[in-house]
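Student: The opening residue of the sequence shown carries number 1 in UniProt numbering; numbering runs sequentially from there.
For every residue, glycine included, the Cβ atom is placed at its ideal position computed from N, Cα and C.
As the structure is a computational prediction, the values presented were derived from the model and not from experiment.
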Amino acid sequence: MDTPGSLFIKILAVFGLVLVNAFFVAAEFALVKVRSTRLQQLAAEGHLRARFAQRVVSKLDAYLSATQLGITLASLGLGWLGEPAVASLLRPLFALTGLPESIVHTVAFAVAFSLITLLHIVLGELAPKSLAIRLAESTALWTALPLAYFYKIMYPAIWVLNSFANLLLRWIGIEPVVSGHQAAYSEEELLLLVSESHRSGLIDSTEKALMDNIFHFSDRVAREIMVPRTDMVCLYLDRSVEENFEIARENRHTRYPVAVEDKDHIVGFIHVSDLYVQGLQAGQKDLHGFIREVLRVPESMEISRVLRLMQKHRGQIAVVVDEYGGTAGLISLEDILEEIVGEIQDEFDEERPPVETVGDVTYVDGRVLVEDINDMFGLEIDDSEVDSIGGWVAAQLEGNPQVGKSVTVDEYVFEITEVDNLRVNRLRIQQIPVQSQVEG
1 MDTPGSLFIK ILAVFGLVLV NAFFVAAEFA LVKVRSTRLQ QLAAEGHLRA RFAQRVVSKL
61 DAYLSATQLG ITLASLGLGW LGEPAVASLL RPLFALTGLP ESIVHTVAFA VAFSLITLLH
121 IVLGELAPKS LAIRLAESTA LWTALPLAYF YKIMYPAIWV LNSFANLLLR WIGIEPVVSG
181 HQAAYSEEEL LLLVSESHRS GLIDSTEKAL MDNIFHFSDR VAREIMVPRT DMVCLYLDRS
241 VEENFEIARE NRHTRYPVAV EDKDHIVGFI HVSDLYVQGL QAGQKDLHGF IREVLRVPES
301 MEISRVLRLM QKHRGQIAVV VDEYGGTAGL ISLEDILEEI VGEIQDEFDE ERPPVETVGD
361 VTYVDGRVLV EDINDMFGLE IDDSEVDSIG GWVAAQLEGN PQVGKSVTVD EYVFEITEVD
421 NLRVNRLRIQ QIPVQSQVEG
């Protein structure tokens with residue numbers, strides 16, 4: 001028979017074991033949830049607890065074993081000490097009912113078991129779990145140091161238990177983890193994290209767009225973003241400085257490729273300042289003498305590599321060559337940067353935006369990539385044969401595009417609004433009204 005003093009101590013021990021269980025549960029969820037990059041930042045700022053937490057997270061598997069051991073020991077202690085103590089506390093109350101001793105014992109034990117289970121689940125499991133998930137950073141900082149001491153004290157037991165667990169895994173053909181916790185994310189996972197952060201309001205739309213563009217940057221090739229050959233503005237070696245300066249004055253670009261006879265024979269490029277100072281003012285008759293060497297890249301080269309080549313050669317433009325050695329187009333440093341930051345308009349740019357939305361109608365430049373159209377409208381247009389949406393529409397019309405002709409994809413109509421010879425310059429995209437779809 002327990003004395004009141006010993007019973008009081010046992011009840012205190014019960015609450016103590018529940019708190020111990022809660023500590024290990026909170027530590028477990030906090031260590032899994034906390035961001036290692038945030039701990040690195042705090043540690044770099046001199047936060048002592050962050051350094052301990054960083055060490056713990058770097059050996060996550062080992063410390064998770066420690067939390068599991070702590071939870072198990074606390075749970076066993078509750079079962080061994082808690083239920084008899086609470087049953088002893090309740091037995092005198094049930095004895096007042098006049099029931100037989102055997103029934104009193106059974107009822108007291110059942111109620112004690114229910115109370116301990118409720119206490120264990122609510123205070124020892126659910127509450128600390130929710131707290132750790134909601135406040136992962138602060139929970140990890142406060143639990144890391146005590147957990148590290150517990151790990152050192154219980155290391156022999158943890159090592160033995162882990163060894164048996166690893167042996168079991170190898171026996172069933174699974175190689176156990178031997179290194180630290182891997183916190184690396186794939187590109188798809190990072191994009192999902194960016195989207196979730198945007199939805200949560202942690203980053204704004206501009207930041208999200210920049211991050212999305214950076215991830216898609218490596219997927220682009222020169223052919224997809226170049227100025228096509230037909231749109232290239234060239235200066236010509238066989239023309240006078242005055243004639244070439246007039247071309248430059250009308251088009252207002254900073255740099256121009258220099259061609260001999262046609263655009264397949266690019267011999268270099270000229271900066272407009274050289275054309276004016278060294279050519280026009282100096283009285284030069286032709287462009288010889290101040291032509292600069294131009295970079296040449298294949299149309300299939302990733303734009304990330306083109307950027308590195310431009311940085312290496314300190315170039316601003318590059319001629320894009322096709323598989324036969326002919327000129328496919330021209331790519332500039334601005335074109336590459338626009339893939340990350342979006343359209344860059346200077347004081348001389350009078351071009352319409354490549355994508356323009358007016359009400360429920362979207363006007364797009366024919367050079368916009370099919371991939372971008374798919375992303376904008378949730379379509380699955382095949383871009384294996386062509387890169388641009390204008391080229392795709394022309395192909396659907398069997399190479400005979402005319403203003404007013406249209407192509408329907410799912411619930412969207414792509415109508416041609418501008419054509420230059422056989423090239424689609426601009427398209428009008430509109431969703432078919434629901435009523436029209438039903439009637440159709």
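Count the other C-beta atoms from every protein chain shown that fall within 10 angstroms of the C-beta of N244, then say buried if there are 16 or more, exposed otherwise.
Tutor: The residue in question, N244, is buried, as its Cβ has 16 or more Cβ neighbours within 10 Å.
Student: Is R255 near Q311, with beta carbons less than 7 Å apart?
Tutor: For R255 and Q311, no; Cβs fall outside 7 Å.
Student: Alpha carbon to alpha carbon, how far is S300 from V320?
Tutor: The alpha-carbon atoms of S300 and V320 are separated by roughly 9 Å.
Student: Take G390 and list the residues in its own chain whose beta-carbon comes closer than 6 Å to its own, dropping the five residues that flank it on each side.
Tutor: Same-chain partners within the cutoff: G366 and V424.
Student: Residues in its own chain within less than 7 Å of V368 by CB, not counting five upstream and five downstream?
Tutor: The residues are P354, V355, S388 and I389.
Student: Could you give the distance in angstroms between the alpha-carbon of E79 and the alpha-carbon of T72?
Tutor: The sequence shown places Gly at residue 79, not Glu. One C-alpha to the other measures close to 11 Å.
Student: Determine which residues share a DSSP beta bridge with A318 and list them.
Tutor: Paired residue(s): L295 and I331.
Student: With distance defined between alpha-carbon atoms, name the residue in L333, F164 and A259 nearest to G326.
Tutor: Among L333, F164 and A259, the Cα nearest to that of G326 belongs to A259.
Student: With distances taken between CB atoms, is the gap from Q284 to V241 smaller than 7 Å?
Tutor: Yes, these two residues count as a Cβ contact at 7 Å.
Student: Could you tell me whether the region 43 to 53 touches the region 158 to 169, using the rule of 3 or more Cβ pairs below 8 Å?
Tutor: These segments do not touch.
Student: When the Cα of E411 is compared with those of S218, P433, N421 and L193, which residue comes out closest?
Tutor: Among S218, P433, N421 and L193, the Cα nearest to that of E411 belongs to P433.
Student: In this structure, how does DSSP classify E175 when only helix, strand and coil are distinguished?
Tutor: The answer is coil: DSSP assigns E175 none of H, G, I, E or B.
Student: Tell me whether Q284 sits in a helix, a strand or coil according to DSSP, three-state version.
Tutor: Q284 falls in the coil class under three-state DSSP.
Student: Report all residues from its chain with a CB closer than 8 Å to the CB of V419; omit the five preceding and five following residues, and keep chain order.
Tutor: Hits under 8 Å: P401, Q402, V403 and N425.
Student: In whole angstroms, give me the CA-to-CA distance for E250 and S273.
Tutor: Between E250 and S273, the C-alpha separation is close to 15 Å.
Student: Would A66 and Y151 qualify as a contact pair, given that the criterion is a beta-carbon distance under 7 Å?
Tutor: Going by C-beta atoms, A66 is nearer than 7 Å to Y151.
Student: In the DSSP output, which residue or residues are listed as bridge partners for T357?
Tutor: Answer by DSSP bridge pairing, in chain order: T362.
Student: Below 8 Å CB to CB, which residues in the same chain sit around V221 once its five sequence neighbours on both sides are set aside?
Tutor: Here the set comprises E299, S300, M301, E302 and I303.
Student: With DSSP collapsed to three states, give me the class of H216.
Tutor: Of the three classes helix, strand and coil, the one that applies to H216 here is helix, per DSSP.
Student: Decide if L31 is buried, meaning its Cβ has at least 16 other Cβ atoms within 10 Å, or exposed.
Tutor: Looking at its Cβ environment, which holds 16 or more other Cβ atoms inside 10 Å, L31 is buried.
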